[in-house]
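Step one of this worksheet: look at the structure below.
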Amino acid sequence: MIRSVSLSLLTTTILGWFHNPAPAANIPGAGFTVASYSLALTPDIQNKTVLGRESITLRANVDGVRRLNFSANALIIDRATLDGVALAHTVEGDALGFDLLRPLRRGRTVRLELHYHGRPARGFVGSSTTLYTSYFACDWMFCSEDKFGEKAAFSLDLRVPAGVSSLSVGSLIARRSGPDGSEIHSWKAPRPYSVYLYGFAMGRFTHASEWAGSKKLTYISDTTDSAELKRRFAGTREMVAFLSLKAGMPLPVSEYRQLLVDGGEAQEAATYSVLGTESLPTKPNDSSEDWAIVHELTHQWWGNLITCETLKDFWLNEGITTFMTAAWKEHRYGRVAYDAELDVAKSRLKRAQVKGFDKPLAWNGIYPTLGVRRAIQYSKGALFMAQLRVTLGDTAFWSGLRRYTRDHAGGTVTSIDLERAMEASSGQDLQQLFAEWVFGDEISD
Ligand SMILES: [Zn+2]
2 MIRSVSLSLL TTTILGWFHN PAPAANIPGA GFTVASYSLA LTPDIQNKTV LGRESITLRA
62 NVDGVRRLNF SANALIIDRA TLDGVALAHT VEGDALGFDL LRPLRRGRTV RLELHYHGRP
122 ARGFVGSSTT LYTSYFACDW MFCSEDKFGE KAAFSLDLRV PAGVSSLSVG SLIARRSGPD
182 GSEIHSWKAP RPYSVYLYGF AMGRFTHASE WAGSKKLTYI SDTTDSAELK RRFAGTREMV
242 AFLSLKAGMP LPVSEYRQLL VDGGEAQEAA TYSVLGTESL PTKPNDSSED WAIVHELTHQ
302 WWGNLITCET LKDFWLNEGI TTFMTAAWKE HRYGRVAYDA ELDVAKSRLK RAQVKGFDKP
362 LAWNGIYPTL GVRRAIQYSK GALFMAQLRV TLGDTAFWSG LRRYTRDHAG GTVTSIDLER
422 AMEASSGQDL QQLFAEWVFG DEISD
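When you read off a place in the sequence shown, starting at 1, and then add 1, the result is the number in the working numbering.
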């Protein structure tokens with residue numbers, strides 16, 4: 002199914018992380034916290050290569066940090082310095098590490114600067130005239146892909162050929178002339194985001210914009226005209242209004258962009274999404290096909306703004322988002338469409354259960370296949386939210402979701418945060434229900 006294509010991309014990424022743990026002594030990201038990534042990239046659209054400069058400001062969070070490890074990738078480092086002093090690097094297992102001349106004390110902030118080039122093994126997609134990133138940020142820059150909930154500031158100076166426009170996280174804050182008739186587009190994120198949400202795109206794009214209250218919605222494509230873009234994304238305004246109401250807070254970005262590409266893509270980035278033509282409805286007002294735009298938009302609140310601390314609680318990103326897709330369908334098409342969406346989730350969970358696989362939502366083990374991982378974290382997660390709604394009643398349930406969203410906006414969460422918000426809004430003790438669905442044998446408080 003089309004839907005499986007898009008969801009499996011992220012799941013593939015995550016399973017990859019689980020199956021390839023770094024050696025204990027060389028865990029990417031261990032011992033320090035990144036405050037900011039500042040990049041200057043010159044991508045080659047046709048060859049899908051990149052020339053890059055990256056400045057990482059990081060702080061030691063333990064005493065005696067002797068090596069700074071990041072996820073190894075296929076890029077070639079030409080030069081590395083720490084506060085201006087040259088550093089050597091080596092790869093051990095899945096970790097690319099920089100050995101420090103003197104260990105760092107806890108609390109010390111340093112700046113690591115890397116000059117690099119190469120062809121990312123994953124994550125650069127497009128045509129001969131367009132390039133966009135598809136997951137795998139740590140393949141085209143240097144970061145630690147399994148530090149899922151670590152949020153850092155992000156800025157990008159993207160060098161593009163004349164006449165080529167760009168898209169990245171946040172706002173385009175400056176454009177200036179670059180070498181050889183190129184242009185340099187400076188993008189800056191409005192708040193810290195997890196690295197898995199970093200991305201960019203460049204091409205000869207058509208743009209179309211409209212407003213949802215004070216929020217600007219921009220639709221972008223290199224193959225479609227602006228009238229067609231507006232038609233394709235016509236539901237977005239009403240979705241923004243609906244989700245803002247349910248979240249208890251407005252869309253957390255001033256401008257939300259959607260990039261339309263070929264294929265089955267459905268990918269959220271920090272402040273924009275990439276949607277493939279095959280993920281969008283072929284005919285208007287068909288509730289069964291209306292999921293990709295609302296799913297990725299929903300991540301602007303649940304996933305991007307409020308992020309699971311680790312992948313153990315990934316269901317908080319995807320289960321809530323899958324449930325909100327059903328809730329949108331109820332709002333837009335009626336109760337039958339809500340029930341139909343939950344029926345899809347039920348049948349996916351059932352398929353895993355028939356194979357003998359069922360786990361609590363916050364299970365921390367390795368899933369045997371992509372399908373069962375989705376069955377738990379997307380489908381069972383959505384069904385649990387629907388069950389909470391029945392147990393608490395609409396007033397307390399939606400009030401609890403608003404409380405959870407507002408209390409953790411900009412931060413990270415674990416499952417207990419949702420339990421506490423729902424208990425506070427309803428006055429009910431939900432320990433038993435959460436034990437049954439979410440924690441299994443663990444004690445929830
Ligand atoms: Zn998702």
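Glycine residues also receive a C-beta, built at the ideal position from the N, C-alpha and C atoms.
| Asked | Found |
| --- | --- |
| Simplified DSSP assignment, three categories, for G401 | helix |
| V63 classed as buried or exposed, judged by whether at least 16 other C-beta atoms fall within 10 angstroms | exposed |
| Same chain, Cβ closer than 7 Å to P22, five either side skipped, listed in chain order | The predicted model places P22 with a pLDDT of 38, which falls under 50 and marks its position as unreliable; any figure quoted below should be read in that light. Counting only Cβ-Cβ distances below 7 Å, and skipping sequence neighbours, we find nothing. |
| Coil, strand or helix - E266 by DSSP | coil |
| Through-space distance from G150 to S416, alpha-carbon basis | 14 Å |
| heavy atom of ligand 1 below 8 Å from N305 C-beta | no |
| Residue interval of the beta strand (DSSP E) (run including Y117) | T110 to G119 |
| Residues near Y339 in its chain [Cβ-Cβ closer than 6 Å; skip 5 each side] | A327, K330 and E331 |
| Three-way DSSP call (helix, strand, coil) for I28 in this model | coil |
| C-alpha distance - G320 paired with D359, whole-angstrom precision | 15 Å |
| For T130 and T308, the rounded distance between their alpha carbons | 34 Å |
| C-beta atoms of G182 and A209 nearer than 9 Å | no |
| Distance cut-off 8 Å: E297 Cβ against heavy atoms of ligand 1 | yes |
| Segments of 3+ residues assigned as beta strand (DSSP E) that fall wholly inside the region 183-230 | 184-189, 201-204, 207-213 and 216-222 |
| Assumed close pair A61, G32 - CB separation to whole angstroms, cut-off 8 Å | 6 Å |
| For A228, the nearest candidate out of F435, E211 and W364 (CA to CA) | E211 |
| Euclidean distance between Cα positions of F398 and K351 | 25 Å |
| Sub-9 Å separation of W302 and A248 beta-carbons | yes |
| Inter-residue Cα distance where the pair is K347 and D79 | 51 Å |
| Integer Cβ distance of R192 from G411, believed to fall under 8 Å | 6 Å |
| At least three beta-carbon pairs within less than 8 Å, the region 231-250 to the region 195-205 | no |
| Cβ-heavy atom distance, T308 to ligand 1, below 8 Å | no |
| Start and end residues, alpha helix (DSSP H) containing D100 | Careful: D100 lies outside any alpha helix (DSSP H), inside the beta strand (DSSP E) at A96 to L105. |
| Three-state secondary structure assigned by DSSP to P22 | The predicted position of P22 is uncertain, since its pLDDT is 38 and thus under 50; no value can be drawn from it. |
| Span of the beta strand (DSSP E), counted from its first residue to its last, around R333 | No beta strand (DSSP E) contains R333, which is instead part of the alpha helix (DSSP H) from W316 to Y334. |
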